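Only one structure is covered here, and it is reproduced in the block below.
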Amino acid sequence: MNGLDFSVIWRALPQLIEGLGISLQLLLLGLCGGIAFGTLLAVGRLSSRAWLARLAAGYVTFFRSVPLILIIFWFYFLVPVVIGRPVGPFISVTIAFILFEAAFFCEIMRTGIRTVARGQIAASLATGMTYRQTMQMIILPQAFRAMVPVMLTQAIILFQDTSLVYVVSLSDFMTSASRIASREGRVVEVYLFCAAVYFVICFVTSKGVSRLQRGLNRD
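Just so we're aligned: the sequence shown equals residues 1 to 219 in the UniProt record's numbering.
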């Protein structure tokens, strides 16, 4: 049996870096879009309008009950049908990530909103501010600050989930690694490197989350 030869990593490094860049793009877009849409859903779930609250709750229940890999498949085939023209896997996967993550960020933001004293809403309305202004300027900033550590934890999960895009042949980090491993016949070395990259990124981020949490608790 041949020994381990990690020189394959060096030779394939440009391709791996390019794949990692795609994974990080998916992470950033899924995170920003998911938080934005999830915040709207959270406000909807807490709305006094029963139909809106039920609609938002149904959305969250559906997307939290279906595996992400199925959502990726659905949107990969559904988006071209809806818009009437073919699109690349990157666009369809990005949409899938945003809609899927929004369900989780909705619950995170809903919890954050509930941590804000309800008296602040009444006081703001009494000063003449509208409900929308109260949410935008007073409630949501506090809720967001309180939930930042939880959001970053969800971001770690999202980064790990980006590896699922191999099912639509998008050349992310894991897909690129898989192709290199098959081409070079160095499966162990390539996947050990992948594991190390995922571990370092997730470990460093989790440590940052812990420090941030302690800082917020002191405040």
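For glycine and all other residues, C-beta sits at the position ideal for the given N, C-alpha and C.
Predicted, not measured: the structure shown is a model, and the values here were computed from it.
Going by the beta-carbon positions, is the gap between residue i and residue j smaller than 8 angstroms?
{"i": "Leu170", "j": "Ile69", "result": "no"}
{"i": "Gly34", "j": "Ala102", "result": "yes"}
{"i": "Arg110", "j": "Ala42", "result": "yes"}
{"i": "Phe105", "j": "Arg64", "result": "no"}
{"i": "Val93", "j": "Leu26", "result": "yes"}
{"i": "Val148", "j": "Leu212", "result": "yes"}
{"i": "Ile98", "j": "Gly30", "result": "yes"}
{"i": "Phe77", "j": "Ala96", "result": "no"}
Is it buried or exposed, residue i, if we count other Cβ atoms within 10 angstroms and call 16 or more buried?
{"i": "Phe199", "result": "exposed"}
{"i": "Leu158", "result": "buried"}
{"i": "Met137", "result": "exposed"}
{"i": "Gln154", "result": "buried"}
{"i": "Ser182", "result": "exposed"}
{"i": "Val66", "result": "exposed"}
{"i": "Ala36", "result": "exposed"}
{"i": "Ile180", "result": "buried"}
{"i": "residue 229", "result": "With the chain represented from 1 up to 219, any question about residue 229 goes unanswered, as that position is not in the structure."}
{"i": "Leu125", "result": "exposed"}
{"i": "Arg145", "result": "exposed"}
Could you spell out the range, first to last residue, of the alpha helix (DSSP H) harbouring residue i?
{"i": "Gly112", "result": "89-115"}
{"i": "Thr134", "result": "131-134"}
{"i": "Leu24", "result": "13-45"}
{"i": "Ser176", "result": "173-184"}
{"i": "Met147", "result": "140-161"}
{"i": "Pro67", "result": "Unbroken run through Pro67: none, as it is neither H nor E."}
{"i": "Gly119", "result": "118-126"}
Could you tell me the alpha carbon to alpha carbon distance between residue i and residue j, rounded to whole angstroms?
{"i": "Leu192", "j": "Leu4", "result": "11 angstroms"}
{"i": "Gly128", "j": "Ile91", "result": "43 angstroms"}
{"i": "Val79", "j": "Pro86", "result": "8 angstroms"}
{"i": "Met1", "j": "Leu16", "result": "Residue confidence is low: Met1 scores 45 on pLDDT, short of 50, so the model does not pin down where it sits. Its coordinate-derived value is still stated next. If I take the Cα positions, the gap works out to 26 angstroms."}
{"i": "Thr134", "j": "Cys194", "result": "46 angstroms"}
{"i": "Phe173", "j": "Cys202", "result": "15 angstroms"}
{"i": "Leu20", "j": "Ile113", "result": "34 angstroms"}
{"i": "Val116", "j": "Val187", "result": "51 angstroms"}
{"i": "Lys207", "j": "Ile139", "result": "28 angstroms"}
{"i": "Asp161", "j": "Ala123", "result": "42 angstroms"}
Closer than 7 angstroms by C-beta to residue i: which residues in its own chain qualify, once you throw out the five before and the five after it? Chain order, please.
{"i": "Glu107", "result": "Val60"}
Please indicate yes or no: does the CB of residue i lie closer than 7 angstroms to some heavy atom of the ligand SAH?
{"i": "Gln136", "result": "Absent from the structure shown: the ligand SAH. Ligands present: none."}
Ordered along the chain, which non-local residues of its own chain (more than five positions away) have a Cβ less than 6 angstroms from that of residue i?
{"i": "Trp10", "result": "none"}
{"i": "Phe100", "result": "Phe63, Leu68, Ile71"}
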